[in-house]
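The numbering of the sequence shown is my numbering, which starts it at 718 and goes up by one. Here's the structure, in structure tokens; my notes come after.
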Amino acid sequence: MNGLEAAAQSVARVYRRTRPAGRPGSAPWLAALSDEQRGEFRERGHLLLAVLLQHLNDEGTQDPGMLAEATRVAAEYGGRAAALGASLSETVETFVRFREAFIGELARVARRRRLDTREATALLVEAENAVDRLLVALMNGHTGQA
């Protein structure tokens, strides 16, 4: 499926609008980070998003290497969050916010592109499966099992 690249910027905007770091209602562990540390997580998140979109953009020929790379980045994200004092539940909550924004934006892309039901369902199922694998990698990274 072509055109998913534009979804990356939109996902980032949606994610920031849900509860921006450092603002009331954001995850306390994120709010406690320095600007440099938040930037580090933002960069990891952008990399994770780019690799995940590349995996989904391969029109039915998903490259297992792309998902393996995304899994590695997710594990690093979890490990770094643990090192900075985030609990596992706080780390997972942050990831779930990303997941919600990501899947929601993919659904909007499917509607805008007027994908038929079969195509849209296949895209969302593949995305959900990939994101679920990333969540497990994130948790394993957090607990040092990566």
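We treat Cβ as the ideally placed atom computed from N, Cα and C, and that holds for glycine. Just so it is clear, the structure is predicted and the values come from calculations on it, not from any experiment.
First through last residue of the alpha helix (DSSP H) which encompasses residue i
i: residue 756; result: 752-773
i: residue 744; result: Unbroken run through residue 744: none, as it is neither H nor E.
i: residue 823; result: 805-829
i: residue 784; result: 781-800
Three-way DSSP call (helix, strand, coil) for residue i in this model
i: residue 849; result: helix
i: residue 837; result: helix
i: residue 855; result: helix
i: residue 737; result: Because residue 737 carries a pLDDT of 48, less than 50, the predicted location of this residue cannot be relied on, and the following value inherits that uncertainty. Note: residue 737 maps to coil in three-state DSSP.
i: residue 748; result: helix
i: residue 718; result: In this prediction, residue 718 has a pLDDT of 41, which is less than 50 and means its spatial position is unreliable; what the coordinates show is noted afterwards. In the structure shown, residue 718 sits in coil (DSSP, three-state: anything other than H, G, I, E or B).
Distance between beta carbons of residue j and residue i, contact taken as under 8 Å
i: residue 823; j: residue 844; result: 5 Å
i: residue 750; j: residue 805; result: 17 Å between Cβ atoms; not a contact.
i: residue 811; j: residue 744; result: 5 Å
i: residue 820; j: residue 841; result: 7 Å
i: residue 784; j: residue 850; result: 7 Å
i: residue 796; j: residue 859; result: 6 Å
i: residue 809; j: residue 856; result: 7 Å
### Query
If you pair each beta-carbon of the stretch 825-843 with each one of the stretch 790-803, do three or more pairs fall below 8 Å?
Contact between the stretch 825-843 and the stretch 790-803 is absent, because fewer than three Cβ pairs lie under 8 Å.
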